[in-house]
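The listed protein sequences derive, respectively, from chains A and B.
Heads up: the first sequence runs through residues 1 to 386, numbered per the UniProt record's numbering.
Heads up: the second sequence runs through residues 1 to 386, numbered per the UniProt record's numbering.
Input: a single structure, listed below in C-alpha cells.
Protein chains: 2
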Amino acid sequence: MVGRLTGGDPSLLRRINSAVVLHALRGAGSPTLTDLTRLTGLSRPTVEGVIEGLIEAGLVSESEPEEGGARRQGRPARRFRFRVEAGHLLGVEIGPHRVAALVSGLDGRIIGAGHREVPEAASADERLERVRQVIADVLRRAGVPRTSLRAVGVGTPGIVEADGTVRLGTALPGWTGLPLGQRLQRSFRCPVLVENDANAAAVAEHWKGAAKDSDDVVFVLAGLSPGAGSLIGGRLHRGFGGAAGEIGALHLLGREATPEALLSTTDEPLHPLDEPAVAQVFALAKQGDPRATAAVDRFIQRLVHNVAALVLALDPELVVIGGWASGLDGVLAPLRAELARYCLRPPRVTLSLLREAAVATGALRLALDHVEEELFAVEGATAARR
Amino acid sequence: MVGRLTGGDPSLLRRINSAVVLHALRGAGSPTLTDLTRLTGLSRPTVEGVIEGLIEAGLVSESEPEEGGARRQGRPARRFRFRVEAGHLLGVEIGPHRVAALVSGLDGRIIGAGHREVPEAASADERLERVRQVIADVLRRAGVPRTSLRAVGVGTPGIVEADGTVRLGTALPGWTGLPLGQRLQRSFRCPVLVENDANAAAVAEHWKGAAKDSDDVVFVLAGLSPGAGSLIGGRLHRGFGGAAGEIGALHLLGREATPEALLSTTDEPLHPLDEPAVAQVFALAKQGDPRATAAVDRFIQRLVHNVAALVLALDPELVVIGGWASGLDGVLAPLRAELARYCLRPPRVTLSLLREAAVATGALRLALDHVEEELFAVEGATAARR
C-alpha cells in the first residue's frame with residue numbers, strides 16, 4: 001500500500017511533522033521544546049522550525065512561564081500551547097420541528113448552544129430564516145464574532161450531495177432540490193458542510209456518545225420512517241451517492257403499507273410528522289387498547305426488519321437507536337430480542353446518549369474534522385493495487 | 001490524518017522507497033536505473049540501494065542487455081525486471097457441488113486451473129480430500145513445486161472468522177465450526193487465507209470482471225438464499241464479525257417462508273441445494289405453468305427485496321449478480337426494474353463476468369494481496385481522530 005506517498009516529497013514530511021507536533025501540543029498541557037522532542041521523536045531543530053511556523057499561523061502561542069516552578073535557576077524553558085481560541089466552529093441541525101446550533105473553539109469544546117421550534121409546514125425560506133436567527137443568537141451570546149468561524153457543519157434530513165444540495169428530502173417542505181449549502185454559504189466566509197442528519201448523529205455518538213468505544217456502528221434515527229448513518233472502521237460511510245442507510249424506503253419495494261398507515265388505529269393513515277399522534281398510539285397500547293397494540297406491533301416489526309436489514313448488510317459491532325421513537329417505551333427490548341434471535345452475529349443494541357443534541361453535535365464534529373484536515377493535511381496513503 | 005506515521009522512523013522511509021521501486025519495476029518492462037530514477041522521483045543512490053536489496057531477496061534480477069539497441073557506444077545500461085516466477089499463488093474454491101483451484105505467478109497471471117465435482121452430501125473430510133486432489137493436480141500440471149507457493153486463498157460459503165474457522169456454514173455438511181484454515185494449513189508452508197465465497201467473488205469482479213471500473217460494489221451470490229460481498233472504496237467490507245452481506249437471513253426475522261418453500265410448486269419445500277429442481281421450476285414457468293410462475297415470482301420478489309436492502313444500506317455504484325441463479329432467465333430484468341423504481345439512488349445492475357470462476361479468482365487475488373502487503377509493507381496512515 002503506497003498510493004501517493006512517493007518517496008521524494010519533502011513538503012509531505014514537513015506536513016507530517018507539523019501534524020505530529022500539533023497533535024502532541026493538543027494532547028499535552030503546555031509542553032516545552034524538550035517535552036515535544038520526547039513526545040514526537042523529532043529532532044529539536046525540526047520541532048523548533050515547526051513551532052515557529054505554527055506561531056506565525058496563529059495556531060500556537062508561547063504560554064506564560066509558571067511561577068514557583070522547580071526550575072528556579074537560569075532562564076525558564078519556553079512553553080507552548082495550542083490556541084483553541086484561534087478559531088471557532090458551528091454545528092447546526094435543521095429538522096422538521098426544530099433548528100438548533102452549537103458553537104465551539106478549535107478543540108471542539110462547546111461554548112454556546114441554542115434552538116428554536118419551527119412549524120413542520122414552514123417553507124424552506126422560513127426555515128432558513130429561523131436557522132439564521134438561531135445562529136446569530138448563539139454567536140452573540142457566546143461572544144464569538146462571525147469572522148472567527150473556520151467551518152460550519154449542518155445536519156438535515158434527506159440525501160445530500162457532495163456540494164450540499166439536497167437531492168431528496170421529503171420530510172421538509174421545499175427541501176428536495178434545495179441548494180442548501182450554497183444558500184447558507186452566503187452568511188459565512190468559511191466552508192459550510194451539509195450532511196444527512198442520521199450520518200451526523202452517527203458521527204456524534206462516536207465522538208462523545210454511546211459509540212465512543214466502537215468503530216463499526218450503525219446509528220438508527222428511528223421515526224415513522226427510519227434512516228441510518230454508518231461508521232465503518234471509524235469513518236462515515238456515505239455511500240456512492242450519499243444515500244447509504246436510507247432503509248426506510250425498503251417497504252416501497254413490496255408495495256407494503258406506509259409507516260403512517262402501519263401506526264394508524266383507523267382506516268386513515270397518520271400525518272407523516274405528527275409525533276404527538278404517534279405517542280398517543282403508544283400510550284393507548286400501553287393501556288391495553290387492542291387496535292393501538294396491533295398498530296404498535298406492526299410499527300415495531302417494521303423497525304426490527306429495517307434494522308435487521310442494516311445489520312445483515314453491514315455487520316456492525318454496535319447499533320445505536322436515536323430519534324424520537326427511541327424515547328418511546330417498548331422499542332428497545334423487542335429490537336434487542338429479535339436481533340439476538342435471528343442475526344447471524346447479533347450486534348450490541350443501545351440507546352443514543354446525545355438524544356436531541358446528536359445531529360447538531362455531529363454537524364459540529366464534521367466542521368471540526370474539516371478544519372483538522374486542513375491543519376493536519378497529509379495525503380492519505382491509499383491502497384494502490386494491481 | 002497522521003496515525004502511525006510518526007516523523008522519525010527511517011525504516012518506514014526505506015520500506016516506502018522499496019515499495020515505490022517495486023511498483024515502478026512491475027509497471028515498466030525492464031527499466032534501467034535512469035528509468036527508475038525518473039519513474040520514482042528517488043535519487044540514483046537510493047534506487048541502487050533498493051535494487052540491491054530486492055536482488056538479494058530474489059524478487060528482482062538483472063535482465064540481459066538488449067541486442068542491437070540504440071546504445072551502441074560504451075557499456076549498455078543495466079536493466080532490471082521483477083521476477084514473477086520468484087513465487088506462486090493458489091486460489092481455491094470449496095463449494096457445495098464443486099471444488100476448484102487456480103495457480104499464478106507473483107504477477108497474478110493464471111498459469112494453471114482445475115476443478116472437480118463433489119457430492120453435496122460429502123462430509124468435511126471427503127470434501128477436503130477432494131480439494132487436496134485438485135490442488136495437487138493443478139500444481140503438477142503447471143509444473144509449480146509446492147515449496148514455491150507464497151500464499152493460498154480459499155473461498156467457501158459461510159461466515160468465516162479471522163483465523164479461518166467457519167463460524168456458521170449451513171450450506172456444506174460439517175462446515176459450521178470447522179477450523180478450515182488450520183486444516184488446510186497442514187498441506188502448505190505458506191499462509192492460508194480463508195474468505196467467504198461472496199466476498200471472494202466481489203474481489204474477483206473488481207480485479208478482472210464486471211466491477212473493474214467501480215470501487216463501490218455489491219456482489220450478490222444469487223442462489224436459493226443469497227449472500228453478498230461488498231467493496232467500499234475498493235476495499236472488501238467484511239463487517240465487524242465477518243458476517244457482512246449475509247442478507248439471505250432476513251426472512252428468518254418475519255418468520256417468513258424459507259427460500260426452499262418459496263420456490264416449490266408443491267406443499268413440500270425443495271431441497272436447499274437442488275439446483276436442477278430449481279431450474280425445472282424456472283423452465284416450467286417459462287412454459288406458462290401457473291404454479292411455477294407463482295413460485296418464480298415469489299423467488300424473484302424475495303431476491304429483489306434482499307438486494308434492495310443491501311442497496312439501501314450501502315448505496316453502491318454497481319450491483320453485480322453472480323451465482324447459479326444469475327444464469328436463469330428472468331432474474332436480471334425484474335431486479336433492474338424494481339431497483340430503478342424504488343431505490344432512492346438506483347445503482348447499475350449487471351451480471352458477473354467471471355461466472356463460476358469468480359470465487360477461485362477472488363481467492364487468488366486475496367492471496368496476491370497478502371503477498372503484496374508483505375512485499376510492499378507500509379503501515380497505513382490512518383485517521384487519528386478522537
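Every residue gets a Cβ at the ideal spot worked out from N, C-alpha and C, and that includes glycine.
On a predicted model such as this, the values are computed, not experimentally measured, just so you know.
By the three-class DSSP mapping on this structure, what secondary structure does residue i have?
i: Thr147(A); result: helix
i: Arg386(A); result: Only weak support exists for where Arg386(A) lies, its pLDDT of 27 falling under 50; the coordinates are left without a value.
i: Ser264(A); result: coil
i: Gly153(B); result: strand
i: Phe82(A); result: strand
i: Leu193(A); result: strand
i: His271(B); result: coil
i: Ser230(A); result: strand
i: His237(A); result: strand
i: Thr34(B); result: helix
i: Leu354(B); result: coil
i: Phe188(A); result: coil
i: Met1(B); result: A caution first: Met1(B) carries a pLDDT of 30, below 50, which makes its placement in the model too unreliable to give a value.
i: Val331(A); result: coil
i: Leu224(B); result: coil
i: Gly322(A); result: strand
i: Arg365(A); result: helix
i: Arg291(A); result: helix
i: Ser18(A); result: helix
i: Ser62(A); result: Note on residue identity: the sequence assigns Glu, not Ser, to residue 62(A). Looking at Glu62(A) - three-state DSSP - the assignment turns out to be strand.
i: Arg44(A); result: helix
i: Arg348(A); result: strand
i: Leu178(A); result: coil
i: Arg167(A); result: strand
Can you give me the C-alpha to C-alpha distance between residue i and residue j, rounded to a whole angstrom?
i: Leu128(B); j: Leu184(B); result: 8 Å
i: Ala244(A); j: Ala113(B); result: 39 Å
i: Gly234(A); j: Ala19(A); result: 20 Å
i: Ser326(B); j: Gly242(A); result: 28 Å
i: Cys343(B); j: Asp315(A); result: 21 Å
i: Ser352(A); j: Glu117(B); result: 51 Å
i: Ser214(B); j: Glu317(B); result: 7 Å
i: Thr382(A); j: Pro269(A); result: Low local confidence applies: a pLDDT of 30 at Thr382(A) is under 50, so the model's placement there is unreliable, and no value is given.
i: Thr46(A); j: Glu356(A); result: 45 Å
i: Glu56(B); j: Glu62(B); result: 11 Å
i: Leu22(B); j: Phe82(B); result: 7 Å
i: Ala295(B); j: Val281(A); result: 38 Å
i: Asp137(B); j: Ser187(B); result: 14 Å
i: Gly53(A); j: Phe299(A); result: 58 Å
i: Ala222(A); j: Ala201(A); result: 12 Å
i: Thr34(A); j: Arg44(A); result: 7 Å
i: Ile247(A); j: Gly164(B); result: 32 Å
i: Val152(A); j: Arg291(B); result: 59 Å
i: Asn199(A); j: Leu354(B); result: 35 Å
i: Val99(B); j: Ile16(B); result: 39 Å
i: Glu374(B); j: His305(B); result: 41 Å
Would you grab the beta carbon distance between residue i and residue j for me? Rounded to a whole angstrom, and I think it's under 8 Å.
i: Val131(B); j: Val220(B); result: With a Cβ gap of about 25 Å, Val131(B) and Val220(B) do not count as contacting.
i: Glu93(A); j: Val359(A); result: 4 Å
i: Gly155(B); j: Ala171(B); result: About 13 Å separates the two Cβ atoms, so there is no contact after all.
i: Leu149(B); j: Leu90(B); result: 6 Å
i: Pro334(B); j: Val311(B); result: At roughly 15 Å, the Cβ-Cβ gap does not stay under 8 Å, so Pro334(B) and Val311(B) are not in contact.
i: Glu256(A); j: Leu224(A); result: In fact, because the Cβ distance is near 14 Å, the residues do not count as touching under 8 Å.
i: Ala204(B); j: Arg365(B); result: 6 Å
i: His115(B); j: Val134(B); result: 6 Å
i: Lys208(A); j: Thr361(A); result: 7 Å
Listing by chain order, which chain A residues have their CB less than 9 Å from the CB of residue i?
i: residue 406(B); result: Past the edges of chain B, shown from 1 to 386, lies residue 406(B), and the structure says nothing about it.
For residue i, return the contacting residues in chain A, with the cut-off set at a CB-CB distance below 7 Å.
i: His88(B); result: What His88(B) touches in chain A: nothing, since even the nearest Cβ is about 18 Å away.
i: Arg345(B); result: Ile159, Gly241 and Ala243
i: Asp216(B); result: Phe240
Which residues in chain B have a C-beta closer than 7 Å to the C-beta of residue i? List them in chain order.
i: Ala340(A); result: Going along chain B, no residue has its Cβ under 7 Å from Ala340(A), so there is no contact; the nearest lies around 11 Å.
i: Glu317(A); result: Phe240
i: Ile232(A); result: Ile232 and His237
i: Leu252(A); result: Tyr342
i: Leu168(A); result: Leu344
Between residue i and the ligand NAD, is there a pair consisting of the residue's CB and a ligand heavy atom that are separated by less than 6 Å?
i: Glu56(A); result: This structure does not include the ligand NAD; it has no bound ligands of any sort.
How would you list, in chain order, the residues of chain B whose beta-carbon sits under 8 Å from the beta-carbon of residue i?
i: residue 411(A); result: Any question about residue 411(A) goes unanswered here, given that chain A covers just 1 to 386.
> Going along the chain, which unbroken runs of the beta strand (DSSP E) with 3 or more residues stay wholly within the segment 88-117 of chain A?
Replying inline: Qualifying beta strand (DSSP E) stretches, in chain order: 88-94, 98-105 and 110-117.
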